[in-house]
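Enquirer: Numbering (our numbering), first residue to last: 97 to 166. Mind looking over this structure? Questions follow.
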């Protein structure tokens, strides 16, 4: 999925949807693959940048993983 003008909350909801999707499948392997956490030149980034100096996108990954590990 590719987002234009995304927000950290939209990103969090997308991760939650991905978790719900894999948890409801009858497959042995259950994982989410996040591509390009540092593809700054291509717009695929989660690493803190000038546009997200506090690292809110990475924080959302941490929050969702923590929530779903319960």
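Every residue gets a Cβ at the ideal spot worked out from N, C-alpha and C, and that includes glycine. Keep in mind that this is a model prediction, so the values were computed, not measured.
#1: Taking 7 Å as the limit between beta carbons, can you name the residues of its chain near residue 152, skipping five residues before and five after?
#2: Which of the three DSSP states, helix, strand or coil, is assigned to residue 120?
#3: Could you check what DSSP says for residue 151 in three-state terms: helix, strand or coil?
#4: Please classify residue 143 as buried or exposed, where buried requires at least 16 neighbouring CB atoms within 10 angstroms.
Expert: In terms of the structure at hand:
#1: Counting from one through the chain shown, the residue named residue 152 turns up at place 56. So the qualifying residues of the chain are 104.
#2: As a working mapping, residue 120 is identified with position 24 in the chain shown. Residue 120: coil per DSSP, three-state reduction.
#3: Here residue 151 refers to the residue found at position 55 of the chain shown. Correct three-state label for residue 151: coil.
#4: In the chain shown, residue 143 corresponds to position 47, counting from 1. It counts as exposed.
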